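Some notes on the structure that comes next.
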Amino acid sequence: MDTDKEAAGANANTIDRYPLPSSKVYIGFCQREGLLRHPGVIAKQQILHRYGDFWVRFEIQARGGSEWLVQCSLETGKIIREQKLLDASS
């Protein structure tokens, strides 16, 4: 059994599995870039695939208490979207 292919779709709970591109090495780079912009802890990570493109989306719990969604291209390793989540008490 090829554990790399199994791990890629392990949390998807779907039958369809998509191979990650060879540029999947950018996952670590994307994590570092996201945490440099918003120091804290990555609470959730999700690989997204649409129309042949792959992205990784992080939910970051920042040190100041704010939460951020950060999306990064796995093809380029660049952050392509950031969004601050509103606090329920705001």
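For the sequence shown, my numbering assigns the number -6 to the initial residue and increments by one for each residue that follows. For glycine and all other residues, C-beta sits at the position ideal for the given N, C-alpha and C. If you're wondering where the values come from, they're calculated on a predicted model, not measured in any experiment.
Checklist entry - What's the C-alpha gap between E(-1) and I40? => result For E(-1), the predicted structure reports a pLDDT of 41, less than 50, and the residue's modelled location is therefore unreliable. A value from the coordinates is still provided. E(-1) and I40: Cα-Cα distance of roughly 14 Å.
Checklist entry - What's the C-alpha gap between G45 and E68? => result 11 Å
Item to check | The beta strand (DSSP E) enclosing R43, as first and last residue numbers | outcome: 33 to 43
Checklist entry - Do you know how far the Cα of G21 is from the Cα of F51? => result 12 Å
Checklist entry - Helix, strand or coil for E52 per DSSP? => result strand
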